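When you line the sequence shown up against full-length UniProt numbering, it's residues 1 to 357, in that order.
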Amino acid sequence: MGHAHPDGITRWVWAANLNRPVGNKAKLIFSRSGNLALIDGNGRIGWQTRTSNKGVVDIRLLPNGNLVLLDRNGGFVWQSFHYPTNTLLVGQGLGPGSSTTNKIVNGRYSLVLQDAKLSLFIAPEPKSSKPTNIYNITQMSVLGSNITFDTSKHFYGPGPGGFYIQLSIVVSSNSFYPLASPKYNSTLSMLRIGSNGNLFIYTYFELPSNGYKAWEKTYATFSGEGRDNECILPSKCGSFGLCEDGQCVACPTPKGQLGWDKNCKLPSIPSCNASAANVGYYEVPYVADYRLLDDSDGEGSLRVDECMKKCSSDCKCVGFFHRLLATRFQCLLATQINTLAKGDVRASADVYIKYTK
């Protein structure tokens with residue numbers, strides 16, 4: 001499903017079979033039993049609502065973008081709002097518990113509602129362990145709360161212009177987290193997780209043929225300079241790089257920092273049976289990484305040389321982060337290092353990268 005406009009940009013907002021594509025001869029069939037199914041040309045079921053014999057008598061696409069199956073009383077038997085993909089529309093939300101209703105996903109990145117927090121996660125590559133928390137969007141006061149992406153009008157004075165529109169994450173009637181304040185009707189808005197892990201809000205603003213783009217980006221979680229810029233995203237600098245104020249500024253190497261380009265990558269690491277004389281490390285000081293957000297992680301209170309021995313004895317280790325906390329050292333071994341943020345005081349450490357001498 002999507003919303004088209006003469007400007008040529010169509011923003012699709014929901015996909016039934018995102019990870020199970022079908023061929024050109026596929027058919028969408030709404031059966032007499034009340035089941036809605038996407039059938040491939042060879043008869044394979046690519047997707048279905050599993051609502052046969054559950055009292056479904058009608059199918060409708062509502063103005064808010066919700067595709068619903070209704071019973072005789074107009075009640076919802078099934079609705080697409082309960083099965084989000086990578087997008088939330090206005091009025092759509094996430095709930096705790098179910099893996100189909102508590103998150104939106106795009107590739108390695110996911111926005112997940114769990115443990116009274118709405119958080120951004122990244123899955124390891126290859127998938128050898130559970131996803132890691134990169135960033136907390138909101139902190140709910142009540143465990144088990146639902147959240148809704150919604151729009152509201154707030155008044156600040158008399159007269160026709162005495163109000164403003166706000167797009168927010170709503171937890172309850174008196175608890176919300178404002179994200180954006182467009183200057184026009186924002187009913188047709190979407191909150192989307194991008195392929196790089198950034199969260200965007202796109203708002204549809206229709207003006208008669210004046211060349212103005214109908215879709216405007218009204219919010220981004222990580223943008224520009226400052227505290228919450230794109231450097232926190234592991235994929236910002238591709239395979240590897242040093243990032244500052246939202247820009248990839250250098251490619252750290254054993255010979256020093258070179259200019260960054262898309263070919264920047266980690267050096268090859270020694271083989272498992274390499275002698276200690278062939279294993280080297282080079283330091284990139286005072287950098288940040290999402291793995292440093294948790295002070296409790298790591299290999300214990302180890303000095304740099306002790307942490308180095310740990311990494312050298314681990315064939316999969318490509319380097320490690322080391323820093324001094326309030327009462328101890330923190331040593332974090334890494335099997336993957338991508339974007340390093342320069343000079344982030346919230347979660348900074350020295351990183352030591354393994355290479356073959």
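In this text, a Cβ means the ideal position worked out from N, Cα and C, and glycines have one as well.
The model shown is predicted, which means the values in this text are computed figures rather than measured ones.
Fully contained in the stretch 93 to 131 are the following beta strand (DSSP E) runs of length 3 or more, in chain order: 103 to 106, 109 to 114, 117 to 122.
Residue environment analysis places residue 84 among the buried positions, since at least 16 neighbouring C-beta atoms fall within 10 angstroms of its C-beta.
Ranked by Cα distance from residue 216, the first of 185, 195, 171 is 185. In the displayed model, residue 243 falls within a strand according to three-state DSSP. For residue 313 and residue 319, the gap between their C-alpha atoms comes out near 11 Å. Counting C-beta atoms within 10 angstroms of its own C-beta, residue 316 has fewer than 16 neighbours from the protein chains shown and is therefore classed as exposed.
By the CB criterion at 8 Å, residue 48 and residue 67 fall outside the cutoff.
By the Cβ neighbour-count rule, residue 206 is exposed, with fewer than 16 other Cβ atoms within 10 Å of its own. Boundaries cannot be given for residue 264, as no beta strand (DSSP E) includes it and DSSP labels it neither H nor E. With respect to the C-alpha of residue 221, the residue from 169, 286, 330, 321 having the closest C-alpha is 169.
Short of 8 Å from the beta carbon of residue 125, and not among the five residues preceding or following it, lie these beta carbons of its own chain, in chain order: 108, 336.
Assignment of residue 217 by DSSP, reduced to helix, strand and coil, places it in the strand class. Annotation for residue 285: 350 place their beta carbon closer than 6 Å to its own, counting only its chain and skipping 5 residues before and after. Of the other Cβ atoms in all chains shown, fewer than 16 fall within 10 Å of the Cβ of residue 31; this residue is therefore exposed.
Non-local beta-carbon contacts of residue 228 in its own chain, meaning distances under 6 Å to residues more than five positions away in sequence, involve 222 in chain order. Cβ neighbours of residue 136 within its own chain (closer than 6 Å, five residues either side excluded): 117, 119. Bounds of the beta strand (DSSP E) holding residue 175 are 175 to 180. The C-alpha of residue 105 lies about 12 Å from the C-alpha of residue 94. Residue ranges of uninterrupted beta strand (DSSP E) with 3 or more members, entirely inside the stretch 14 to 61 and ordered along the chain, are 27 to 30, 36 to 39, 45 to 48, 58 to 61. Residue 102 has its alpha-carbon roughly 12 Å from the corresponding atom of residue 87.
Contact check for residue 198 against residue 230 passes: the beta carbons are separated by less than 8 Å. In the DSSP assignment, the residues bridged to residue 201 are 191, 219. If you draw a straight line from the Cα of residue 192 to the Cα of residue 276, it comes to about 47 Å. At a Cβ-Cβ threshold of 8 Å, residue 187 and residue 151 count as neighbours. If you check the CB distance, residue 74 and residue 54 do not come in under 8 Å.
For the 8 Å CB-CB criterion, residue 289 and residue 321 form a contact. In the displayed model, residue 326 falls within coil according to three-state DSSP, outside both helix and strand. If you draw a straight line from the Cα of residue 121 to the Cα of residue 308, it comes to about 28 Å. In the three-state scheme derived from DSSP, where H, G and I count as helix and E and B as strand, residue 291 is classed as helix.
Here DSSP, grouped into helix, strand and coil, assigns residue 305 to helix. Residue 319 is bridged by DSSP to 334, 353. Between residue 338 and residue 138, the alpha-carbon positions lie close to 26 Å from each other.
For residue 342, the enclosing beta strand (DSSP E) has its first and last residue at 339 to 342.
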